[in-house]
């Protein structure tokens, strides 16, 4: 057989495959009564059902096909972590199958030492946003691993949300061309692990790029499920698929990065300033450099190991601009997402200051004009008193009931 004929046959096979998938999506939409161009995802209970996976994957493929030849801006919201880094990388790879040119951009510094190692060791091509970044030429944007679509930049009205994939509790309705929110998954990486099993993406692990993606996704699953402690069937199934292509030596290297000295110092401060209220432990660590802010969460992780404590909250002023905090819990009754939302509420735009999932959460409150206060000691006293009173009111204790033992 001639080479040209062989290539033509391959192209025809792929086209036939795509036509079948489009028909499948159309049939599913007719059953659902959904014939809109912009889809609203309301089935958060899709979980690990194979039928849901099949229809959502087919829907994603059809969506990417409508954007063939366009430009896609993949946005990493908040501080980059293994789950949103890996899924952004996977989406960029999948977009290539449809001649979609993509750029991955993050708006906050990559501060955690493991995340810096992930980007460096895998040599990932992601950009940090700056005022010189030109996003006006993009046709679409995408967001992974986030509870909402709010971005720190003003996206042009002509730039539409193409893809939104997440596993957290939903905050209202998300409108986009493709939306897949699965609260039944322990990670967003696992959802992408399912997508990649579709033959259209030809993900076989034969290239270094595919091995990098598999390694990043596996690290994302492990990270967001606390090393599979909180994994669900979706996470296990995706990991089984990804494990065939993972660079195990590289994954091990990324996962066992040494703890930075600054994080150790921060942990010592957190322990010195601990405030125990029954089974709760709170600690305000003062001012923290932006590049060390992930140490706050690591402090909370460590302090949760104390006997008799089932919930820890550590917070500090990061970069002189925000009160940044992390919650960790092993309580069977405390819902981190609801707890944080109840304590801090939302801003004037209706956006919550924080949220969470099964065993962890976080919050970030801008200081605004108070960030200009020259008396840092006085400002910290005010911040700590305000934050602590919010905590005490929530758990129903008085200020005098503190214990630092």
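Residue numbers (UniProt numbering): 1 to 405. All C-beta atoms, glycine included, are put in the ideal place defined by N, C-alpha and C. Since we're looking at a predicted model, the values are computed, not measured.
Spatial distance of residue i from residue j (CA atoms)
i, j, result
"residue 373", "residue 151", "27 Å"
"residue 392", "residue 398", "7 Å"
"residue 66", "residue 177", "10 Å"
"residue 295", "residue 135", "32 Å"
"residue 129", "residue 260", "25 Å"
"residue 244", "residue 185", "21 Å"
"residue 370", "residue 386", "13 Å"
"residue 285", "residue 131", "32 Å"
"residue 280", "residue 363", "17 Å"
"residue 292", "residue 80", "13 Å"
"residue 414", "residue 331", "In the structure displayed, the chain extends from 1 to 405; residue 414 sits before or after that span and is not available."
"residue 63", "residue 375", "53 Å"
"residue 420", "residue 167", "Outside the modelled stretch of the chain, which goes from 1 to 405, sits residue 420, for which no answer is possible."
"residue 223", "residue 349", "31 Å"
"residue 102", "residue 306", "45 Å"
"residue 436", "residue 396", "As shown, the chain starts at 1 and ends at 405. That puts residue 436 outside it, with no answer to give."
"residue 340", "residue 99", "42 Å"
"residue 120", "residue 342", "38 Å"
"residue 181", "residue 357", "14 Å"
"residue 97", "residue 388", "51 Å"
"residue 239", "residue 57", "17 Å"
"residue 406", "residue 112", "Nothing in the structure corresponds to residue 406, since the chain is present only between 1 and 405."
"residue 198", "residue 133", "34 Å"
"residue 316", "residue 274", "13 Å"
"residue 88", "residue 163", "11 Å"
Test item: CB-CB of residue i and residue j under 9 Å
i, j, result
"residue 367", "residue 322", "yes"
"residue 283", "residue 246", "no"
"residue 196", "residue 140", "no"
"residue 165", "residue 188", "yes"
"residue 92", "residue 110", "no"
"residue 344", "residue 379", "no"
"residue 77", "residue 107", "yes"
"residue 289", "residue 318", "yes"
"residue 68", "residue 137", "no"
"residue 287", "residue 320", "yes"
"residue 214", "residue 242", "yes"
"residue 355", "residue 326", "no"
"residue 201", "residue 94", "yes"
"residue 231", "residue 118", "no"
"residue 190", "residue 126", "no"
"residue 406", "residue 193", "Here the chain has residues from 1 to 405 only, and residue 406 is not among them."
"residue 337", "residue 169", "yes"
"residue 299", "residue 263", "yes"
"residue 212", "residue 123", "yes"
Exposed unless 16 or more other CB atoms sit within 10 angstroms - verdict on residue i
i, result
"residue 45", "Below a pLDDT of 50, predicted positions are generally treated as unreliable, and residue 45, at 40, falls in that range; no measurement from the model is reported."
"residue 204", "exposed"
"residue 266", "buried"
"residue 303", "buried"
"residue 268", "exposed"
"residue 115", "buried"
"residue 60", "buried"
"residue 324", "buried"
"residue 309", "buried"
"residue 31", "Because residue 31 carries a pLDDT of 47, less than 50, the predicted location of this residue cannot be relied on, and no value is offered for it."
"residue 361", "buried"
"residue 228", "exposed"
"residue 382", "exposed"
"residue 173", "exposed"
"residue 333", "exposed"
"residue 248", "exposed"
"residue 221", "buried"
"residue 179", "buried"
- [ ] Would you check if there are 3 or more beta carbon pairs closer than 8 Å linking the region 254-265 to the region 188-208?
- [x] no
Task: 4-residue-minimum alpha helix (DSSP H) runs that sit fully inside the region 259-344, ordered along the chain - done: 261-272, 294-303 and 336-344
Open item on the list: Check whether the region 84-99 and the region 142-150 are in contact - that is, three or more C-beta pairs closer than 8 Å.
Closed with: yes
TODO: Output the residue ranges of the beta strand (DSSP E) runs that lie fully inside the region 121-202 and measure 3 residues or longer, sorted by chain position.
DONE: 140-144, 160-166 and 178-181
Task: Whole beta strand (DSSP E) elements within the region 86-114, 3-residue minimum - done: 101-106
TODO: Ignoring anything shorter than 3 residues or poking outside the region 216-248, list the beta strand (DSSP E) runs there in chain order.
DONE: none
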